[in-house]
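**Q** A single structure is presented below for examination.
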Amino acid sequence: MMAVMAIAFTQILKVKSEDYILYLLCSLLPWTFLNESVEASANSIINSEPLLRSQYLPKIIFPIKEVAYSMVTFTLSLFAFLLFYFLYKFKFPLKIYYIIISLPLIVIFSAGLGILVSVMTVYIRDTQYLLSVLFRAWFYLTPVLYPLDILPPDYQFYLLLNPATHFIQLFTEPIHKNISPGIFTYAIATGLTIASWVAGAYLMTRYEKKIIFRL
Amino acid sequence: MNNSPVYINLKDIKLTFPLYSNNIPSFKSNIVNFITRKDKKNSEKRILNAIDNVSLKINENETVGLIGRNGSGKSTLLRIISKIYEPDSGVRDIKGKVVPLMTTGIGFNDNLDAIENIKVGCLMMGLKKSEIKQKIEKIIEFTELQDFAYLPIKYYSVGMRMRLGFAMATEVEPEILLLDEVFSGGDFYWIEKANVRMKSVIEKAKIVLIVSHSLNEISNFCTRTIWLSKGKVRLDGETSDVLNQYQDTNEN
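Line order of the protein sequences matches chains A and B. Once you know that position 105 of the first sequence is 105 in the working numbering, the rest is easy, because the numbers rise by one and skip nothing. Once you know that position 207 of the second sequence is 422 in the working numbering, the rest is easy, because the numbers rise by one and skip nothing.
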């Protein structure tokens with residue numbers, strides 16, 4: 001996947017900036033994780049119907065399981081990316097240690113969103129299709145294919161209203177720009193994480209006991 | 216294992232199933248309904264009484280049979296006891312580790328083989344990893360499915376699934392064991408073997424609840440029998456009395 005992207009953008013589209021490919025890869029990884037884990041969580045409860053009919057289990061574990069599964073893929077891709085980075089630049093990104101904070105933040109945020117959509121999907125079965133459309137639109141509105149600072153300042157402000165922007169920056173800033181993600185980014189990301197859990201946990205506790213009758 | 220008393224105490228349990236006019240709810244069908252102005256009255260919730268004011272108390276060392284026609288609420292009652300269903304009203308007070316074995320099995324994952332399913336199932340029933348390792352061999356040995364142990368469950372027959380489920384549920388030594396039609400689909404030899412196993416399980420487990428349409432089974436194992444009819448307890452008492460009355464009414 002990374003190799004295809006690297007060839008497509010550098011050779012075919014002739015993007016000149018030599019660092020672009022590094023930016024793309026390090027923004028794409030957290031984005032893919034967010035996208036995959038939330039979409040997989042959506043169906044997690046309805047897919048476990050046979051299990052839920054024969055055992056009592058807290059429903060919250062199903063979306064969390066999906067997020068954990070995506071997290072493994074994500075962590076492995078990060079290592080692959082670091083190898084690529086090393087081969088490309090013959091050094092490691094010095095501020096890489098910041099992702100020790102970034103990684104749990106995005107994982108917990110995704111889990112909150114995942115819980116939210118998993119309950120929604122029980123009551124609105126086409127949530128999964130709506131989500132994939134939504135994520136495609138969201139993808140272009142998030143600085144994944146383009147770095148945030150190539151935009152005019154006005155647009156930058158709008159993109160900062162997008163929650164995903166902050167989570168992407170938690171990765172691109174330490175890895176690509178070699179700077180620490182500001183306290184501002186951390187604060188917003190933490191706030192969003194809490195918000196996603198409040199929303200997810202509210203919906204889950206409210207519907208947990210009713211879900212079985214709607215599967 | 217701790218020695219606090221094990222019991223099931225249900226008081227005025229009521230459970231209604233919401234009936235929805237749209238079985239697969241979706242955003243798209245909502246839009247279509249809105250545009251075509253489908254009557255709102257149709258989509259109002261109707262309700263089905265599944266369990267209607269059931270109160271019962273089952274004490275330690277009781278083996279209770281549940282009988283009744285199809286749809287009388289037997290399996291639903293087991294699901295309430297095992298917390299799969301949450302009653303609408305009433306008090307559910309249960310002490311002891313409950314292991315339910317529904318007709319759907321223990322909750323198998325179709326893509327995993329028997330060994331993996333035993334691991335996952337035992338974890339869900341609250342066993343420790345070290346205990347599970349010993350159990351796996353015992354369970355496979357008892358089911359006589361050695362040849363199929365590494366075959367994904369989706370290729371299993373109903374009888375084979377029931378075997379595996381029964382072996383697991385009885386091997387984990389639950390305090391309260393709920394069995395829902397576990398002998399259906401088994402071959403003759405298996406039923407013989409399972410009957411022997413049942414006798415020892417009944418001795419070990421503190422409460423066993425058996426749902427069955429085979430009255431032989433009920434009279435073999437149960438000292439007390441509860442007859443459910445339309446979600447209500449019709450008769451509750453000594454097995455022989457209840458079975459006699461049950462058969463009499465069926466003949467009429």
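By construction, the Cβ of each residue, glycine as well, lies at the ideal position given by its N, Cα and C atoms.
#1: Identify the continuous beta strand (DSSP E) that holds Asn-453/B and give its terminal residues.
#2: Name the chain A residues whose beta carbon is nearer than 7 Å to that of Phe-242/B?
#3: For Phe-249/B and Phe-242/B, what's the separation of their Cα atoms in angstroms?
#4: Tell me Arg-439/B's beta-bridge partners as DSSP assigns them.
#5: So, does the stretch 354 to 366 of chain B touch the stretch 276 to 290 of chain B, judging by three or more C-beta pairs under 8 Å?
#6: Could you give the residue range of the alpha helix (DSSP H) that holds Leu-342/B?
#7: Only counting runs of 4 or more residues, tell me where the alpha helix (DSSP H) segments fall wholly within the stretch 351 to 413 of chain B, in order along the chain.
#8: Nearest chain A C-beta to Ser-297/B closer than 9 Å, yes or no?
#9: Within 9 Å of any Cβ in chain B, is that where the Cβ of Pro-93/A sits?
#10: Under a three-way DSSP split, which group does Pro-30/A fall into?
#11: Apart from the five residues on each side of it in sequence, which residues of its chain come closer than 7 Å, Cβ to Cβ, to Ala-382/B?
#12: Would you say Phe-213/A reaches chain B, if we count a Cβ-Cβ gap shorter than 9 Å as a contact?
#13: Output yes if chain B places a C-beta closer than 9 Å to the C-beta of Tyr-56/A; else output no.
#14: Which bits of chain A does Gly-322/B rub up against, with CB to CB less than 9 Å?
#15: Where does the unbroken alpha helix (DSSP H) through Pro-163/A begin, and where does it stop?
#16: Could you check whether the Cβ of Lys-209/A sits closer than 9 Å to any Cβ belonging to chain B?
#17: Confirm, please, whether the CB-CB distance from Ile-321/B to Met-339/B is below 9 Å.
#18: With hydrogens ignored, establish whether the beta-carbon of Phe-135/A is closer than 8 Å to any heavy atom of the ligand GTP.
#19: Tell me which residues share the same chain as Ala-164/A and place their Cβ nearer than 6 Å to its Cβ, disregarding the 5 neighbours each side in the sequence.
#20: I need the straight-line Cα distance from Asp-328/B to Ala-68/A, nearest angstrom please.
#21: In this structure, does DSSP put Asn-245/B in helix, strand or coil?
#22: In the DSSP output, which residue or residues are listed as bridge partners for Lys-226/B?
#23: Mind listing the chain A neighbours of Tyr-300/B? Cutoff is C-beta to C-beta under 7 Å, in chain order.
#24: Going by the beta-carbon positions, is the gap between Ile-282/B and Ile-406/B smaller than 9 Å?
#25: Given that Phe-398/B touches chain A, what residues does it touch there, using C-beta distances under 8 Å?
#26: Does the distance from the C-beta atom of Gly-380/B to that of Asp-402/B stay below 9 Å?
#27: What does a CB cutoff of less than 6 Å around Ala-40/A pick up in its chain, not counting 5 residues either side in sequence?
#28: For the putative contact between Leu-393/B and Leu-316/B, defined by C-beta atoms under 8 Å, what is the C-beta separation to the nearest angstrom?
#29: Give the straight-line distance between the Cα atoms of Glu-301/B and Pro-147/A, rounded to the nearest whole angstrom.
#30: Is Ser-219/B closer than 9 Å to Lys-298/B when the C-beta atoms are compared?
#31: Using the Cβ count rule (16 or more neighbours within 10 Å means buried), how would you classify Tyr-20/A?
#32: Assuming contact is defined by CB atoms lying nearer than 9 Å, are Thr-468/B and Ile-262/B in contact in what I supplied?
**A** This is what the structure holds:
#1: Per the sequence shown, the amino acid found at residue 453/B is Glu instead of Asn. Taken as a continuous stretch (DSSP letters only), the beta strand (DSSP E) holding Glu-453/B covers 447 to 453.
#2: Ile-124, Asp-126, Leu-130
#3: 11 Å
#4: Val-279/B, Glu-453/B
#5: no
#6: Counting along the chain, Leu-342/B falls outside any alpha helix (DSSP H), and DSSP gives it neither H nor E.
#7: 373 to 386
#8: yes
#9: no
#10: helix
#11: Ile-354, Phe-357, Thr-358
#12: yes
#13: yes
#14: Ser-48, Pro-50, Leu-51, Leu-52, Arg-53, Ser-54, Gln-55, Leu-57
#15: 163 to 172
#16: yes
#17: yes
#18: The model on display carries no ligand, and the ligand GTP is accordingly not part of it.
#19: Thr-142
#20: 22 Å
#21: helix
#22: Val-306/B
#23: Ile-212
#24: no
#25: Simply none; closest approach about 17 Å.
#26: no
#27: Glu-66
#28: 7 Å
#29: 50 Å
#30: no
#31: buried
#32: Residue numbering for chain B in the displayed model covers 216 to 467; residue 468/B lies beyond these limits and cannot be assessed.
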